[in-house]
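Here the structure comes first, spelled out in structure tokens, and everything after it is commentary.
Protein chains: 4
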Amino acid sequence: MIIVMKNYATQQQIKEVENKLIELGFKTHPIYGEIKTVIGAVGDKRLVDTRVLIDMTGVDSVIPIMKPYKLASREYKQEDSIVDVSGVEVGGKEVVVFAGPCAVENREYFFETAKYVKNAGAKILRGGAFKPRTSPYAFQGLQEDGLKMLAEAREMTGLKIVTEVMDPRDIELVSEYADIIQIGARNMQNFRLLQEIGASMKPVLLKRGISSTIEEWLMAAEYIMLEGNTDVILCERGIRTYETSTRNTLDLSAIPVVKEVSHLPVIVDPSHASGTWKYVSPMSKAAVAAGADGLIIEVHANPEKALCDGPQSLKPDTFGQLMSELQVIAGAVGRSM
Amino acid sequence: MIIVMKNYATQQQIKEVENKLIELGFKTHPIYGEIKTVIGAVGDKRLVDTRVLIDMTGVDSVIPIMKPYKLASREYKQEDSIVDVSGVEVGGKEVVVFAGPCAVENREYFFETAKYVKNAGAKILRGGAFKPRTSPYAFQGLQEDGLKMLAEAREMTGLKIVTEVMDPRDIELVSEYADIIQIGARNMQNFRLLQEIGASMKPVLLKRGISSTIEEWLMAAEYIMLEGNTDVILCERGIRTYETSTRNTLDLSAIPVVKEVSHLPVIVDPSHASGTWKYVSPMSKAAVAAGADGLIIEVHANPEKALCDGPQSLKPDTFGQLMSELQVIAGAVGRSM
Amino acid sequence: MIIVMKNYATQQQIKEVENKLIELGFKTHPIYGEIKTVIGAVGDKRLVDTRVLIDMTGVDSVIPIMKPYKLASREYKQEDSIVDVSGVEVGGKEVVVFAGPCAVENREYFFETAKYVKNAGAKILRGGAFKPRTSPYAFQGLQEDGLKMLAEAREMTGLKIVTEVMDPRDIELVSEYADIIQIGARNMQNFRLLQEIGASMKPVLLKRGISSTIEEWLMAAEYIMLEGNTDVILCERGIRTYETSTRNTLDLSAIPVVKEVSHLPVIVDPSHASGTWKYVSPMSKAAVAAGADGLIIEVHANPEKALCDGPQSLKPDTFGQLMSELQVIAGAVGRSM
Amino acid sequence: MIIVMKNYATQQQIKEVENKLIELGFKTHPIYGEIKTVIGAVGDKRLVDTRVLIDMTGVDSVIPIMKPYKLASREYKQEDSIVDVSGVEVGGKEVVVFAGPCAVENREYFFETAKYVKNAGAKILRGGAFKPRTSPYAFQGLQEDGLKMLAEAREMTGLKIVTEVMDPRDIELVSEYADIIQIGARNMQNFRLLQEIGASMKPVLLKRGISSTIEEWLMAAEYIMLEGNTDVILCERGIRTYETSTRNTLDLSAIPVVKEVSHLPVIVDPSHASGTWKYVSPMSKAAVAAGADGLIIEVHANPEKALCDGPQSLKPDTFGQLMSELQVIAGAVGRSM
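Chains G, E, Z and C supply the protein sequences, listed in that same order.
Letter by letter, the first sequence follows residues 1 to 337 in this note's numbering.
Letter by letter, the second sequence follows residues 1 to 337 in this note's numbering.
Letter by letter, the third sequence follows residues 1 to 337 in this note's numbering.
Letter by letter, the fourth sequence follows residues 1 to 337 in this note's numbering.
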């Protein structure tokens, strides 16, 4: 940590900051410049709320040097992590595709969709049973009936199952059905949920909050990992910006950034980011080209009948074509599919 | 709702959209322009996910006309709502000040702070017992012990109590102690929590999410109100923007906007928005001048010892001075304090 | 255009709005709903500032139906435009790479870089002679000496030349040297510059403003095109968001969006967006996979000696490797390189 | 400047960074932590592009300590600057109001508006003669005819005149008429324009760019001041965020931030920020309460006839009422009007 003193800070003020640092358990190394003095503070004190220093007289700013997360960092674990989802490896050489409808709703369409995505090469079936919806008037999901349909579809197709949990009280129930549990963007900082998922030992798909920094996202992963569960897959799903021509702005740069600072696998959700199916294919290809470990794509056998997010769902044939195009892209960046 | 057709839409496509609208329960009114055709669809169908229309061939865009919230809207209730917090009225002529430390931690400092803010004119005491923290390594709150201290401080000072709930399972416990329950920015779209607070009948202080639109914020209020609890106070606390010289950007324009579209009271939290105590006084005055119904301000008897958000807390004497300055501003805009 | 009336608008208010519309040259089509009345106004009146309507009593909102740009729109010209840059076609089947240093500075490094990028397959050489810099203390470019070096490098390598103009007074001079003129992000709404470039008939590389919407970007293109110059290539270069781990957030979704609403070619600048060379390769591949018509990449023979943007420049060998990887990606999306 | 080395940086890498720093003219002070080494570099080297350091092997990040602007900084000049606009002092005890229509257009309305705002207490008359417009199809201003009307209105009322310059070639002409020249938000980083205004010695009203940080804004002021012109007044006019219920988000926190880091006066434009006249009064009061040195408000004798920005203009009577309310607010914060 570096404490930058104001230009006109007195010797007495500098001394008081040093004393405070020593009290907090740091070793101090002042550097006296012509204009400014800065104080280097040596010590790994993640638990100290060092913002108290900024309030001391003569202090201009406090600059952290250590990243605030540890278990999620590349410095802590240098090799890439591979998360095993009931036998499907995410984070290895293969680019893994998660696909399915936004919500589990109509039995017939759901099984039809499941078979299609299986045949096209998806490995994991998505489908929401508990749905977070901006409007209280919107369809909220089939809940346990949805989970049962997911399990049935797994039985039928061999696909693994991912579904979302919104409430800590549902973790146990959902864990009985799902192979991997999704934490949605709106719950990325629902810390109780993170802690209890962390204690559950199920693999977790952790979506980035709609306005979360990459650092906050990794801190959310840290919450889970600190409880013992290290099977975390990150999912970039678009961030909120001023641009309105897409629902959110897919931040594909997050992929190389995450790969640099963390060892966790990262996949991309082009469907929620763009909000319209037309942009899903180009953005899927871009994600794989940028180094994503996987994709989660909305596919619906009959999007016009969907109760949720129909407009951003691919029809099965479009999805099938995309999957074959993605294979070539994956190959071009040294991955398989 | 207005459906805008593409320039080259055919008669057949227009007909199909009309049929779809009729199927969804709307009456249709096509307008044939020289270049474009638009179709007016009459009906108040909040439950219909009309996004399905955008996916139809020949459709360019779908424009909603009705606001997506109802109970929270000014159109539903034209007069201002006043929320009664155990006898303190928020939303009336008086500008109500909520004050206290970020978290309840040290017994001595807490009671000292409570007495100070009472004497300076605050009506409601804030203090977190359950703390949402970005870092799992940070202080997480005293939980029930904190609630007990809050109740003790109420006993001692007559101040009403506001404190945050992060988990639906804590609502019952917190309701025994608090006069008004806070939903924090990170939980503004924790829909389960909203619904269960909505069923609890305690007054609610609903903070705006860090990147929520005003519309989404009112939809969150709608979640609560739809369960029967109409005692909702909105709280603007800064939004996330690209500017880094303050922690968040306090969006004071939200006050006149909310006043125009909703009947709910709205207060402002200048402490979390700015992240540094120096900006709290000017922004508090600005909030009252802009028409806020109240303020929630962090005050700590000894900010340098605070385990949470010390740097943004006012010292008691600064707070006292601010309170007397605010009285003049309140008077200037026809309010009392 | 649709005028939405407030719920409680009177017949008289509706009549007055209709009269105003007729005065402005529109035909009116009111639709009376149970709750709201909306008025359809038929006519293509881009010149009318219809915001005056929103101020009329009883009006809730005014919704434009027509896009505000015309010449740049896909509706005006359905087939893709190809821009001829002294014989190099941008917007056709081939993905065209523009490469070179941020600024023309050191003679030796510049020519060395030019030869390298030529050999690696770039078609157009970039290099700034007039540099817009945030700080008045930073290197501002070699100006005409830089232009001469650019021309020399063209002579030597056969590469075409792109360079930036910041001031209308320099257009004539720069046009003598450059094959295509760049309008930088900071000047995207320097309307005088746009108009005079529009009159110059040189091909233009129009960068997106750092916080411009796609619509504003196309309006800037419209400024140029309206003067008669239709040879406009758009360039996505990252937008300003709250995320700080990259300099800007590269908005690759802009590619499919632009392709849908406009006929103009669009290329991507991954160097300025990311601000660090490590992210340039993955983002370049992603851009081509998403359908970009070209890339503009910073390459410097000796980045550590660069006076401008060294840290984001690729070294020649990294660039060479990227170019061969890009060929495979281009092939995978039906393009050549 | 602080150079943070990566955890696993070698002694050799640390040595090379030190050598590079010495070569750039810094004195080095390495601090060896248990996990990380950081190197303090002493020297005020604004001219060095130190980003080259970040590219060296073993370097994690480079942290600047000095602010990038100097003449505009509070550290350079501790007392508040007062800018004299032909006898009207901005930045002193008095809150100064600039008012008038967006554009000078209709002779009769313009003089009527000028007289009104004079009588209501405004000191400076605004009115655009050269208008930057997003659309090439919109009204672009009366140019020299507009300047003449401005001068005539000054003659008639005694008000001082502010008007915008968009092109360096117009500075001389506009300087003949205006008392203070406005640089609009879109031109805040038109560096040629800044430099030539800097050489002109006319007072400057420098609007903040729509997505500029406060630091970039002060760097723009530095461009002007470095040429010798220190009469710069800053103007906050709203920033671009994701929120769409106002045209931009007025960042009133910028006032106390600017007051802390700079000695320059700062005024606020609530009209362009909100985009609708209804929000202008509350935001004007908020701005004064937050410590603004002035306001620039759009007033139009007949907003419904305005060719530009009618919907955000106050009518004379609303403006008159606002002016009397502002006096009370100004008094409450120790200012006069």
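Glycine residues also receive a C-beta, built at the ideal position from the N, C-alpha and C atoms.
In this text the structure is predicted, and so the values were computed from the model without any measurement.
| Check | Outcome |
| --- | --- |
| If distances are taken between C-alpha atoms only, which option among Z:F26, Z:G33 and Z:G25 comes closest to E:F26? | Z:G33 |
| Please name the residue, chosen from G:G141, G:N302 and G:L234, that lies closest to G:I255 on a Cα-to-Cα basis. | G:L234 |
| In the DSSP output, which residue or residues are listed as bridge partners for E:T157? | Beta-bridge pairing links E:T157 to no other residue. |
| Can you list the residues of chain E that C:D293 reaches, using a CB-CB cut of under 9 Å? | Per Cβ cutoff of 9 Å: no residues; C:D293 is ~13 Å from chain E at best. |
| In chain C, which residues lie less than 8 Å from Z:D167 when you measure between Cβ atoms? | P168 and R192 |
| How many angstroms separate the CA atom of E:I267 from the CA atom of E:P203? | 14 Å |
| Got a sec: is the Cβ-Cβ distance from Z:K20 to anything in chain E below 9 Å? | no |
| Note down, in chain order, each residue of its chain lying with its Cβ closer than 6 Å to the Cβ of C:R273, except the 5 sequence neighbours on either side. | The sequence as given places Ala at residue 273 of chain C; Arg does not occur at that position. Around C:A273: R237, G238, N248 and L250. |
| Closest Cβ-Cβ distance between G:K93 and chain Z: below 9 Å? | no |
| Taking the continuous alpha helix (DSSP H) assigned at G:D84, which residues delimit it? | Counting along the chain, G:D84 falls outside any alpha helix (DSSP H), though it belongs to the beta strand (DSSP E) covering V83 to V85. |
| Can you give me the C-alpha to C-alpha distance between C:A138 and C:E227, rounded to a whole angstrom? | 34 Å |
| The alpha helix (DSSP H) that contains C:P282, what's its start and end? | V280 to A289 |
| How long is the line joining the alpha carbons of Z:E215 and Z:N190, rounded to whole angstroms? | 16 Å |
| Can you tell me the Cα-Cα spacing of C:L21 and G:I65, whole angstroms? | 20 Å |
| Quick one: what's got a C-beta closer than 8 Å to E:P311's C-beta in the same chain, skipping five residues either side? | G275, T276, W277 and P303 |
| Would you call the region 10–19 of chain Z and the region 68–81 of chain E in contact, with 3 or more CB pairs under 8 Å? | no |
| Would a check of beta-carbon distances place C:M201 closer than 9 Å to chain G? | no |
| Throw me the rounded Cβ distance for the G:S313 and G:E298 pair, which I believe falls under 8 Å. | 4 Å |
| Going by the CB atoms, is the gap between G:D179 and G:V85 shorter than 9 Å? | yes |
| Cβ of E:T246 within 9 Å of Cβ of E:Y279? | yes |
| Would Z:Y223 pass as an interface residue toward chain G - the criterion being a Cβ-Cβ separation below 9 Å? | no |
| Compare the C-beta of Z:P68 against all C-beta atoms of chain G and say whether one is closer than 9 Å. | no |
| Consider the Cβ of E:L147: report whether some Cβ of chain G lies at a distance smaller than 9 Å. | no |
| List, in chain order, every chain G residue whose beta-carbon is nearer than 7 Å to that of C:G209. | Under the 7 Å cutoff, chain G gives no residues; its nearest Cβ is about 14 Å from C:G209. |
| Along chain G, which residues have their Cβ under 9 Å away from the Cβ of Z:I239? | T241, Y242, E243 and T249 |
| Give a yes or no on whether 9 Å exceeds the smallest Cβ distance from Z:V52 to chain C. | yes |
| Can you tell me where the beta strand (DSSP E) holding Z:A41 begins and where it ends? | T37 to V42 |
| Say whether chain C places a C-beta atom closer than 9 Å to the C-beta of Z:L226. | yes |
| From this set, G:Y116, G:F110 and G:D145, which residue's C-alpha is nearest G:Q321's C-alpha? | G:Y116 |
| Which residues, in chain order, does the region 179–190 of chain C contribute to contact with chain Z at a C-beta distance below 8 Å? | R186, N187, Q189 and N190 |
| Hey, would you say G:E258 sits closer than 9 Å to G:K67, going by beta carbons? | What sits at residue 258 of chain G in the sequence shown is Val, not Glu. Against a cut-off of 9 Å, the Cβ pair of G:K67 and G:V258 comes out as no contact. |
| Looking at C-alpha atoms only, which residue of Z:Y177, Z:R208 and Z:T230 is the closest neighbour of Z:Q195? | Z:T230 |
| If you draw a straight line from the alpha carbon of Z:I183 to that of G:I63, how long is it in whole angstroms? | 37 Å |
| Just checking, does the region 85–104 of chain G make contact with the region 115–131 of chain G on the three C-beta pairs under 8 Å criterion? | yes |
| Which chain C residues are close to E:K285, counting only those with a beta carbon under 7 Å from its beta carbon? | A289, A290 and V333 |
| With the cut-off set at 9 Å, would you say Z:H29 and E:I14 are in Cβ contact? | no |
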